[in-house]
Amino acid sequence: AEACDGSCCVEDMACQGFTGELCMDNATCIGEKSCYYGNIGIVVGGCKGDYACASYYGYGSIDGIFNSCIDERSCAYAADKGGAIGAMLDSCHGEKSCYSAGYNYGDILGIYSSCNGTAACIYTAAYGG
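Just so you know, we're using the working numbering here: the sequence shown kicks off at 893 and counts up by one.
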């Protein structure tokens, strides 16, 4: 959070344990625990909202989040516990829209301009799917 100098990782424990690159755009990892223990290659204009991209187990990966994961818990636990998601672009706008997508060894090549709306893609490809 210190490296962001107020331009990302805003709110309580927003980027605690985070691994990856963040854009200092005043729109990345904004909210309580928004990127908590996330393993995300790069985040640009995403992970906005409390627990938006929070991880619990801390292993699994998302290649990149671009203008995605916008709202409370929108991508919480996505690809967590051994899952993998490629790029997320203009997607997952809405509370719990991509909650636990790819969770528990799930695999998603990418999410593009979709899953917008409350719980739109909750648990998609979870549990090895």
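Note that the Cβ used here is the ideal one computed from N, Cα and C, for glycine as well.
Please read these numbers as outputs of a predicted model, since none were measured by experiment.
Non-local beta-carbon contacts of E903 in its own chain, meaning distances under 6 angstroms to residues more than five positions away in sequence, involve G923, E924 in chain order. Taking the C-beta atoms as reference points, I954 is found nearer than 8 angstroms to A970. The closest CA to that of T911, considering only C927, T920, S899, is found on C927.
DSSP lists no beta-bridge partner residue for A1017. Per DSSP, S953 is one residue of the beta strand (DSSP E) stretching across 953-958.
C-alpha of A1017 to C-alpha of E987: approximately 18 angstroms in a straight line. Burial state of M980 is buried, judged by a 10 Å Cβ sphere holding 16 or more other Cβ atoms. When secondary structure is reduced to three states using DSSP, A976 falls in the strand class. Going by beta carbons, G956 and G974 fall outside the 8 angstroms limit. In the DSSP assignment, the residues bridged to E913 are I934.
Only buried fits G994, as 16 or more other CB atoms lie within 10 angstroms of its CB. Counting the other Cβ atoms within 10 Å of the Cβ of N931 gives 16 or more, which makes it buried. Secondary structure at C990: coil, using DSSP grouped into helix, strand and coil.
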